[in-house]
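Throughout, our numbering is defined as the position within the sequence shown, counted from one, plus 14. Each remark here refers to the structure printed beneath this line.
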Amino acid sequence: MDHVEVFKALSNKSRLQILNWLKEPQLNFPEQAYNGYEHGVCVGQIQVKAGLTQSTISEYLSSLQRAGLISSKRVGQWTYYKRNEEAFAALSKLIEQEI
């Protein structure tokens with residue numbers, strides 16, 4: 015885990031909001047319930063909820079992915095994102111022990 019990348023990714027209000035939404039996808043993306051949450055949340059659903067352009071959402075998700083805070087999975091023509099809970103546990107440990 016690159017600590018600088020993690021903290022850079024966390025330094026944006028919209029990216030923090032996306033992480034918060036992905037923490038409870040069933041609550042925050044109920045319109046995806048028909049398709050399930052096994053792979054995560056579809057990028058289109060994230061974009062609609064955020065109200066930002068596709069290019070901005072793509073950049074935000076790329077930043078979070080580079081930091082290791084989320085993972086993605088391509089299914090057909092769709093890309094799904096979910097939180098990497100192991101990364102959050104490691105981040106918590108880092109803050110508790112080193113900072």
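C-beta: ideal position from N, C-alpha, C; glycine also. Since the structure is predicted, the reported quantities are computational estimates derived from the model, not experimental observations.
To the nearest angstrom, how far is the alpha carbon of S106 from that of E112? 10 Å
Sorted by chain position, which residues of the same chain lie with C-beta nearer than 8 Å to H53's C-beta, five sequence neighbours on each side aside? K87, V89, Y94, K96
With DSSP as the reference, identify every bridge partner of K96, one or two as the case may be. S85
Determine the burial state of N34: buried for a count of at least 16 other Cβ atoms within 10 Å of its Cβ, exposed for fewer. Taking all protein chains shown into account, N34 has fewer than 16 neighbouring C-beta atoms within 10 Å of its C-beta and is therefore exposed.
Counting Cβ pairs, one atom from each stretch, are 3 or more of them under 8 Å apart for the stretch 69-81 and the stretch 29-44? The stretch 69-81 is in contact with the stretch 29-44.
Do you know offhand how far K6's Cα is from F102's? With the chain running from 15 to 113 in the structure shown, residue 6 is simply not present.
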